[in-house]
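Residue numbers -19 to -1, 1 to 136, in mature numbering (1 follows the signal peptide of the UniProt record, and there is no 0), belong to the letters of the sequence shown in order. Here is the structure we will look at.
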Amino acid sequence: MAMLRSLLLLFIVFSMGNAEVNLVKRCPYGWTNFGVRCYKFFSQEVNWITAEKNCQSLDANLASVHSKIEHDFLLSLLPSSSTHCWFGTHDGEQEGQWLWTDGTPYDYTHWAPGQPDNTGEPITENCGELNYKSKNAVCFFIYNNYLQSYNFTLT
């Protein structure tokens, strides 16, 4: 019976022929997985542009938010409820047209009441902050990167 099971398993593996297999890598040590992305909070106070550049140097972007569940998850990464943190939304290309730095669809918003209000000219509000403090704040940041996956073909 064991021999029959082994042969059946071998048959299944070989009958896959050229099937593509996708192996997903786990998040690196110190990162937290949520869905298909890895997140990490950095307690480094920088402005929004520097935070995004730091993320890009690690092949990542400031975190984008696509649901209330994801928003709550990101809040849970903050060391305290008073921590202010950049995330990856901006309207730097066209005023009032908000985008995510990672290029994902802008399909969720959770602005603080009355925000963005573009007060304090000549400085306008062109970037997003989790736990709103002020448009001129120097904040911590969270960035995300997609889980790495490796494809190979069974032959």
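No residue lacks a Cβ here, since even glycine has one placed at the ideal position from N, Cα and C. The model shown is predicted, which means the values in this text are computed figures rather than measured ones.
What separation, rounded to the nearest whole angstrom, lies between the Cα atoms of residue i and residue j?
{"i": "Cys19", "j": "Asp72", "result": "25 Å"}
{"i": "Glu51", "j": "Ala41", "result": "17 Å"}
{"i": "Tyr87", "j": "Arg7", "result": "26 Å"}
{"i": "Glu76", "j": "Ala32", "result": "21 Å"}
{"i": "Gln78", "j": "Thr64", "result": "26 Å"}
{"i": "Leu58", "j": "Phe22", "result": "7 Å"}
{"i": "Thr90", "j": "His47", "result": "8 Å"}
{"i": "Asp53", "j": "Gln37", "result": "24 Å"}
{"i": "Lys34", "j": "Leu55", "result": "20 Å"}
{"i": "Val27", "j": "Leu43", "result": "12 Å"}
Can you list, in chain order, the residues of its chain whose CB lies under 8 Å from that of residue i, leaving out five sequence neighbours each side?
{"i": "Ser45", "result": "Phe68, Gly69, Thr70, Trp81, Thr82, Asp83, Thr85, Asn125"}
{"i": "Pro9", "result": "Cys19"}
Mapping DSSP to helix, strand and coil, what is residue i?
{"i": "Leu43", "result": "strand"}
{"i": "Asn3", "result": "Caution is warranted here: a pLDDT of 45 is assigned to Asn3, below 50, making its placement in the model unreliable, and no coordinate value can be reported."}
{"i": "Cys8", "result": "coil"}
{"i": "Asn35", "result": "helix"}
Which residues in the same chain as residue i place their Cβ atom closer than 7 Å to its Cβ, once the five residues preceding and following it in sequence are excluded?
{"i": "Glu74", "result": "Leu80"}
{"i": "Ser(-5)", "result": "With a pLDDT of 36 at Ser(-5), under the threshold of 50, the predicted position of this residue should be treated as unreliable, though the coordinate-derived value follows. Cβ within range, chain order: n/a, list empty."}
{"i": "Gly11", "result": "Lys21"}
{"i": "Trp61", "result": "Sequence inspection shows Ser at residue 61; the Trp mentioned does not correspond to that position. For Ser61, where only same-chain residues beyond five positions count, there are no Cβ hits under 7 Å."}
Tell me residue i's beta-bridge partners as DSSP assigns them.
{"i": "Leu80", "result": "His71"}
Going by DSSP, what residue range makes up the beta strand (DSSP E) through residue i?
{"i": "Asn14", "result": "13 to 15"}
Counting along the chain, where does the alpha helix (DSSP H) carrying residue i start and finish?
{"i": "Ser57", "result": "49 to 58"}
Does the beta carbon of residue i sit closer than 7 Å to a beta carbon anywhere in chain C?
{"i": "Ser38", "result": "Considering every chain present, this structure includes no chain C. It has just one protein chain."}
For residue i, which residues of its own chain have a beta-carbon under 6 Å away from its beta-carbon, when the five flanking residues on both sides are left out?
{"i": "Thr13", "result": "Tyr20"}
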